[in-house]
Amino acid sequence: MTEALIAALFVFALAAFVGFEVINKVPPTLHTPLMSGSNAISGISVLGAIVASGAKEWKISVILGLIAVILATINVVGGFLVTDRMLQMFKKKEIKA
Amino acid sequence: MTEALIAALFVFALAAFVGFEVINKVPPTLHTPLMSGSNAISGISVLGAIVASGAKEWKISVILGLIAVILATINVVGGFLVTDRMLQMFKKKEIKA
Amino acid sequence: MSDLIPTGIQLTYLVAASLFILGLKKLGSPATARNGNVMAAVGMLLAVVVTLLDQQVLNYQMILLGLAIGASIGAIAAYKVEMTQMPQMVGLLNGLGGSASALVAVAEFWRLLGASQSVPLDASISMLLDVLIGGVTFTGSAIAFAKLQGIMSGSPITFPLQQPFNALLLGSYLVGSAFLLIDPSNLPIFLGVVGVSLVLGVMFVIPIGGGDMPVVISLLNSFSGLAAAAAGFVVMNNMLIIAGALVGASGLILTEIMCKAMNRSLFSVLFSAFGTGGGAVAGGAAGAGATDKVVHSIDPEEGAMMLGYARSVVIVPGYGMAVAQAQHSVRELADQLEKLGVDVKYAIHPVAGRMPGHMNVLLAEANVPYEQLHDMDDINPQLEQTDVALVIGANDVVNPSARTDDKSPIYGMPILEVDKAKHTIVIKRGMSVGFAGVDNDLFYKDKTTMLFGSAKDMVAKLVSEVKQL
Amino acid sequence: MSDLIPTGIQLTYLVAASLFILGLKKLGSPATARNGNVMAAVGMLLAVVVTLLDQQVLNYQMILLGLAIGASIGAIAAYKVEMTQMPQMVGLLNGLGGSASALVAVAEFWRLLGASQSVPLDASISMLLDVLIGGVTFTGSAIAFAKLQGIMSGSPITFPLQQPFNALLLGSYLVGSAFLLIDPSNLPIFLGVVGVSLVLGVMFVIPIGGGDMPVVISLLNSFSGLAAAAAGFVVMNNMLIIAGALVGASGLILTEIMCKAMNRSLFSVLFSAFGTGGGAVAGGAAGAGATDKVVHSIDPEEGAMMLGYARSVVIVPGYGMAVAQAQHSVRELADQLEKLGVDVKYAIHPVAGRMPGHMNVLLAEANVPYEQLHDMDDINPQLEQTDVALVIGANDVVNPSARTDDKSPIYGMPILEVDKAKHTIVIKRGMSVGFAGVDNDLFYKDKTTMLFGSAKDMVAKLVSEVKQL
Ligand SMILES: NC(=O)c1ccc[n+]([C@@H]2O[C@H](COP(=O)([O-])OP(=O)(O)OC[C@H]3O[C@@H](n4cnc5c(N)ncnc54)[C@H](OP(=O)(O)O)[C@@H]3O)[C@@H](O)[C@H]2O)c1
Ligand SMILES: NC(=O)c1ccc[n+]([C@@H]2O[C@H](COP(=O)([O-])OP(=O)(O)OC[C@H]3O[C@@H](n4cnc5c(N)ncnc54)[C@H](OP(=O)(O)O)[C@@H]3O)[C@@H](O)[C@H]2O)c1
Numbered sequence: 181m182t183e184a185l186i187a188a189l190f191v192f193a194l195a196a197f198v199g200f201e202v203i204n205k206v207p208p209t210l211h212t213p214l215m216s217g218s219n220a221i222s223g224i225s226v227l228g229a230i231v232a233s234g235a236k237e238w239k240i241s242v243i244l245g246l247i248a249v250i251l252a253t254i255n256v257v258g259g260f261l262v263t264d265r266m267l268q269m270f271k272k273k274e275i276k277a
Numbered sequence: 181m182t183e184a185l186i187a188a189l190f191v192f193a194l195a196a197f198v199g200f201e202v203i204n205k206v207p208p209t210l211h212t213p214l215m216s217g218s219n220a221i222s223g224i225s226v227l228g229a230i231v232a233s234g235a236k237e238w239k240i241s242v243i244l245g246l247i248a249v250i251l252a253t254i255n256v257v258g259g260f261l262v263t264d265r266m267l268q269m270f271k272k273k274e275i276k277a
Numbered sequence: 129m130s131d132l133i134p135t136g137i138q139l140t141y142l143v144a145a146s147l148f149i150l151g152l153k154k155l156g157s158p159a160t161a162r163n164g165n166v167m168a169a170v171g172m173l174l175a176v177v178v179t180l181l182d183q184q185v186l187n188y189q190m191i192l193l194g195l196a197i198g199a200s201i202g203a204i205a206a207y208k209v210e211m212t213q214m215p216q217m218v219g220l221l222n223g224l225g226g227s228a229s230a231l232v233a234v235a236e237f238w239r240l241l242g243a244s245q246s247v248p249l250d251a252s253i254s255m256l257l258d259v260l261i262g263g264v265t266f267t268g269s270a271i272a273f274a275k276l277q278g279i280m281s282g283s284p285i286t287f288p289l290q291q292p293f294n295a296l297l298l299g300s301y302l303v304g305s306a307f308l309l310i311d312p313s314n315l316p317i318f319l320g321v322v323g324v325s326l327v328l329g330v331m332f333v334i335p336i337g338g339g340d341m342p343v344v345i346s347l348l349n350s351f352s353g354l355a356a357a358a359a360g361f362v363v364m365n366n367m368l369i370i371a372g373a374l375v376g377a378s379g380l381i382l383t384e385i386m387c388k389a390m391n392r393s394l395f396s397v398l399f400s401a402f403g404t405g406g407g408a409v410a411g412g413a414a415g416a417g418a419t420d421k422v423v424h425s426i427d428p429e430e431g432a433m434m435l436g437y438a439r440s441v442v443i444v445p446g447y448g449m450a451v452a453q454a455q456h457s458v459r460e461l462a463d464q465l466e467k468l469g470v471d472v473k474y475a476i477h478p479v480a481g482r483m484p485g486h487m488n489v490l491l492a493e494a495n496v497p498y499e500q501l502h503d504m505d506d507i508n509p510q511l512e513q514t515d516v517a518l519v520i521g522a523n524d525v526v527n528p529s530a531r532t533d534d535k536s537p538i539y540g541m542p543i544l545e546v547d548k549a550k551h552t553i554v555i556k557r558g559m560s561v562g563f564a565g566v567d568n569d570l571f572y573k574d575k576t577t578m579l580f581g582s583a584k585d586m587v588a589k590l591v592s593e594v595k596q597l
Numbered sequence: 129m130s131d132l133i134p135t136g137i138q139l140t141y142l143v144a145a146s147l148f149i150l151g152l153k154k155l156g157s158p159a160t161a162r163n164g165n166v167m168a169a170v171g172m173l174l175a176v177v178v179t180l181l182d183q184q185v186l187n188y189q190m191i192l193l194g195l196a197i198g199a200s201i202g203a204i205a206a207y208k209v210e211m212t213q214m215p216q217m218v219g220l221l222n223g224l225g226g227s228a229s230a231l232v233a234v235a236e237f238w239r240l241l242g243a244s245q246s247v248p249l250d251a252s253i254s255m256l257l258d259v260l261i262g263g264v265t266f267t268g269s270a271i272a273f274a275k276l277q278g279i280m281s282g283s284p285i286t287f288p289l290q291q292p293f294n295a296l297l298l299g300s301y302l303v304g305s306a307f308l309l310i311d312p313s314n315l316p317i318f319l320g321v322v323g324v325s326l327v328l329g330v331m332f333v334i335p336i337g338g339g340d341m342p343v344v345i346s347l348l349n350s351f352s353g354l355a356a357a358a359a360g361f362v363v364m365n366n367m368l369i370i371a372g373a374l375v376g377a378s379g380l381i382l383t384e385i386m387c388k389a390m391n392r393s394l395f396s397v398l399f400s401a402f403g404t405g406g407g408a409v410a411g412g413a414a415g416a417g418a419t420d421k422v423v424h425s426i427d428p429e430e431g432a433m434m435l436g437y438a439r440s441v442v443i444v445p446g447y448g449m450a451v452a453q454a455q456h457s458v459r460e461l462a463d464q465l466e467k468l469g470v471d472v473k474y475a476i477h478p479v480a481g482r483m484p485g486h487m488n489v490l491l492a493e494a495n496v497p498y499e500q501l502h503d504m505d506d507i508n509p510q511l512e513q514t515d516v517a518l519v520i521g522a523n524d525v526v527n528p529s530a531r532t533d534d535k536s537p538i539y540g541m542p543i544l545e546v547d548k549a550k551h552t553i554v555i556k557r558g559m560s561v562g563f564a565g566v567d568n569d570l571f572y573k574d575k576t577t578m579l580f581g582s583a584k585d586m587v588a589k590l591v592s593e594v595k596q597l
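Chains as they are written, first to last, in this note's numbering: chain Y, 181 to 277; chain W, 181 to 277; chain B, 129 to 597; chain P, 129 to 597.
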């Protein structure tokens, strides 16, 4: 395996451990916002899409990349905004908590 | 910065996050064993010492490395055994918990 | 000097990844959740901006246009969607993210095809995994969306030989992948693998009932994280790998937590239609023994009298209130009762309705004061001193057999103990079972009276009757 | 093929790192702690074995000999050490680990000196950090060991101009480092930097009191992790970096937890000798107001009568019992009382003694049955119905001013509420204060009687008196 791949594996494994540990007890009211917030994060594939569509010439791969950019951006922007809207609902709750 | 250094930084940061998250609530009886167990893990520098003392010729760096091997091994072996001894004491507690 | 930009990009990625981690952590606790969401969004913004500086990106206009289009659609959708449609919305967005990850792999495949350079083995493996996970996320989320939105029936869809068919699909994915690992430039086989992945996503979700969709969406959310991580291995980008692994792992934990709150196992959610772990569905048969039991039914006038002359009323909303969109009438009823000096509280069960926080969202929409909402643990000890518990379209969450009958599929689930109140009024349309499909002994108790009818009508009638008291 | 061994090493490292993580997690909960320790040890074994396969390692015999020597010393020390000396032991081992990390940097420096190749900037920075953190860990732990072992006085050591002196040390470290970054081959300056780091470790620990050493050792443990991580950057080894960062971060959290259990802040532990956050020390003055208060003192015979005719006795051990090594006599006393039909329980405060779990260890050594040990939260509600609370060498952990006097340095610390028992007997040598240096109102209460004397003598006398009842 290349060194870059090995480094990537380490990064993957450690990030997965962080993901497992970072969520402990979540009150049920927050399940949906948490799901939607982490869903927005998974729109990170927009970075891959940007790189894929970066070439100068028009090729199928660039077009696919641009479609991916649009879809992933909807996911990211929609996801964070929707989460915020949901959490706004619980504002009064926040003050008490 | 070299790519290797950057990868190392990512690994360091993620491992630190794991370290922060992995310890939550620890009952006071386990403070000392936990400290001693993680202290044994910090004896991991034995790996660095092994690599440092690996050269064939006798040089100061090799001698320093060998000293480091001995010291780190004391830390590792002593640390894990001492932790086990302490935890053995709480055996009855384990059954109840 | 030429080194400076890549280094800067990587260090910014590290900052963005830390923001994601801290954001996720904060999202898990009520006091910090909004902050956490903002932190994660800032991390995302940083990551996107800095990626535009990548040396491979030469073609800014189109990308910026794409970002602008995506952002506008996303923003409009986020503001247009109704609160009660949140689960669908999350499912839809999740599907888009999954498809984007898969498209990254497809685009990379096409690029390599054009460049006709040899593809390293690990890149091919990542690509194939990305296509599989991303494809399943895409179509699976689309089906989940359709089920929740009512475009498709919510009931589990099964057909003969379903499992052999699924096995066949999986087999052809594996065979196709093996071919591609040997000859990575075979376009038809690649497209075949893409197609099979998409069909697998459909097959994965159709046998699962509509009520379980929130769990499925959470699981698919975890998948979309893994798809992003796989895309990260394809283009070798640490940021994708970290964010993807984070979402993949935390999504799995969240799915587990959600299952536990509903007293189900993930296994039974996914496979109960095949009768393997179908505790919750099998229980439906219990209804058969109920024929000889007696139910007391009253009319709204009597109900209004019971409520109006009570000292304390606890309202227990459930799925039926959500379906009937009765929250505003409920709020009005509570106001009227308070005018009469009745002490009114709402008891919120954590899994009442069909999505976590469903009742909180609805009641917040109807401007119910937050102080009147009480958690299960909070209200249960008070129910004994309550004059009337008014159950509106709730069923499973007040089923006492969860406490007493260890053969019931919901045995062990903590419930709102309304059977301990002095009187209980239940509003529902008929004697149908709830989500878990089990009969409810509460309805046959002497202290319980039924008000049959749709929640909205019935509550409205109660309001007008209470006004006349 | 030549690729296979390095890849195998790295993948094994990944497994070992995962074992460390899981091991640490399990070490935090009583039911799994022993398992967790074993997992971490297996991870370490894997990592060591696989490192021997590294291509840079050509000289096996000496290394294996080194490993064997180290392992034997470690094993013997671990089996010889007494349970009550655990904190020192951990401190000592920690110092060895820190010095090993620092030595790795020094060895690497020497190697590069010989190879006379140019040293990259980031390697120099890592080396300098490693020397600093490893050096501080080494000498700091040595001082902590000496204080706990009684080789050195436990009281804080301060001298005039101490802080300017420390600043000077730090300044010279920084200047030396700057020089070395410009000219990495300057041996005298390098040795100077090493020396300064060692002195800094001494200066760091001497102003801290002996009772705070467990916290200091925990902090130094976190440092030794960071030193290992720095060594990892020096030799560019992922395993060192991960394990080091893990220990560094989790050690910090543990230090925080330990401080909280003692109701101290880390800042006041480290700097109270300089009067900056010296809550705990300043409170000593409170003793002055106590002169006109009256103390009731009894002799062992009276004490034995109170105990023997009680229905229930709760024994509260503290630091004094540990110092006097009175645990065996205490056990005997409890046995005698039980023979007379008295119900005997032990109340264990989480920070009684000088190390976490101190009392548990001592009483386990004396074979006190585990069922008789009760946590603070467990026993406090029962104390009201207790006839006699017997306090043996405990002081701060039973000081009621933690509950009542918001100016007391221990205000807010949860205590064992022995003042609620019907009678309290306190065994201690005189009226001296405990660790926190504050006077204890308990001793002046009407219900409290004092039995002055060393814990071991007094308890032995009580035993013989009880036998004669
Ligand atoms: N919250 C979540 O995250 C989530 C997600 C998935 C599943 N679940 C599950 O969903 C269930 C929730 O319990 P629940 O008590 O809220 O609901 P439920 O047990 O599903 O019962 C809902 C009841 O409302 C009645 N109803 C339906 N439409 C109505 C209308 N228009 N007017 C009046 N009544 C109506 C139905 O009876 P009639 O037909 O006789 O009227 C039904 O018995 C639990 O089993 C939970 O595990 C929850
Ligand atoms: N457990 C930990 O991890 C830890 C670590 C560091 C600090 N601490 C701190 O240590 C304190 C522990 O409280 P504690 O109540 O156990 O102890 P303490 O408050 O330190 O009091 C111990 C008492 O024992 C008496 N004593 C000493 N030698 C004795 C002997 N030979 N025979 C009889 N009595 C003797 C002393 O009084 P005389 O001199 O009058 O006899 C002293 O007042 C807390 O303040 C805690 O925060 C705990």
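Beta carbons are placed, not taken as given, at the ideal position from N, Cα and C, and that holds for glycine.
Kindly list, in the order they appear in chain W, the residues whose Cβ is closer than 9 Å to that of alanine 168 of chain P. What alanine 168 of chain P touches in chain W: Gly217, Ser218, Ala220, Ile221, Phe260, Thr263.
Partner residues on chain B for alanine 193 of chain W, Cβ-Cβ distance less than 7 Å: Leu142, Ser146
Consult DSSP for valine 561 of chain P and reduce its assignment to one of helix, strand or coil. The answer is coil: DSSP assigns valine 561 of chain P none of H, G, I, E or B.
Quick one: complete beta strand (DSSP E) runs, 3+ long, within the region 444-504 of chain P? 471-476, 501-503
Can you tell me which of the three DSSP states isoleucine 555 of chain P falls into? strand
Could you please tell me which residues of the region 232-263 of chain W, in chain order, have their CB closer than 8 Å to any CB of chain B? Flagged: no residues at all.
(request) Answer yes or no: the CB of aspartate 547 of chain P versus the heavy atoms of ligand 2, is any distance below 7 Å? (result) no
| Any Cβ of chain W within less than 8 Å of the Cβ of alanine 229 of chain Y? | Closer than 8 Å: no.
Margin query: Suppose you measure from the CA of valine 97 of chain P to the CA of valine 234 of chain P; what does that come to, to the nearest Å?
Written below: Past the boundaries of the shown model lies residue 97 of chain P; chain P is included only from 129 to 597, so the question cannot be answered.
Within chain Y, partners of threonine 108 of chain P - CB distance below 8 Å: Past the edges of chain P, shown from 129 to 597, lies residue 108 of chain P, and the structure says nothing about it.
Inset, instruction - Quick one: residues in its chain with C-beta nearer than 7 Å to the C-beta of phenylalanine 197 of chain Y, no 5 flanking neighbours on either side, listed in chain order? - result: none
**Prompt:** Helix, strand or coil for valine 423 of chain B per DSSP?
**Reply:** coil
ask   = serine 582 of chain P: beta carbon under 7 Å from a heavy atom of ligand 2?
value = For serine 582 of chain P, the Cβ falls inside the 7 Å cut-off from some heavy atom of ligand 2.
- Query: Less than 7 Å between the CB of arginine 482 of chain P and some heavy atom of ligand 2, yes or no?
  - Reply: yes
Label tryptophan 278 of chain Y either buried or exposed according to how many other C-beta atoms from any shown protein chain fall within 10 Å of its C-beta, with 16 as the threshold for buried.
Outside the displayed range of chain Y (181 to 277) lies residue 278 of chain Y, so it cannot be described from this structure.
TODO: Look up threonine 577 of chain B in the DSSP assignment and say whether it is helix, strand or coil.
DONE: strand
Quiz item: Could one say the Cβ of arginine 557 of chain B lies closer than 8 Å to chain Y's Cβ atoms, at least one of them?
Solution: no
| field | Three-way DSSP call (helix, strand, coil) for valine 209 of chain B in this model | value | Valine 209 of chain B: coil per DSSP, three-state reduction.
Original post:
Bridge partners of leucine 518 of chain P, per DSSP?
Top reply: In DSSP, leucine 518 of chain P forms a bridge with P/Ile443, P/Ile553.
Requested in this report: Output yes if chain W places a C-beta closer than 8 Å to the C-beta of alanine 371 of chain P; else output no.
Outcome: Chain W, which has a Cβ nearer than 8 Å to the Cβ of alanine 371 of chain P, makes this yes.
| field | Enclosing alpha helix (DSSP H) for tyrosine 539 of chain B [first to last residue] | value | No alpha helix (DSSP H) holds tyrosine 539 of chain B; DSSP gives it neither H nor E.
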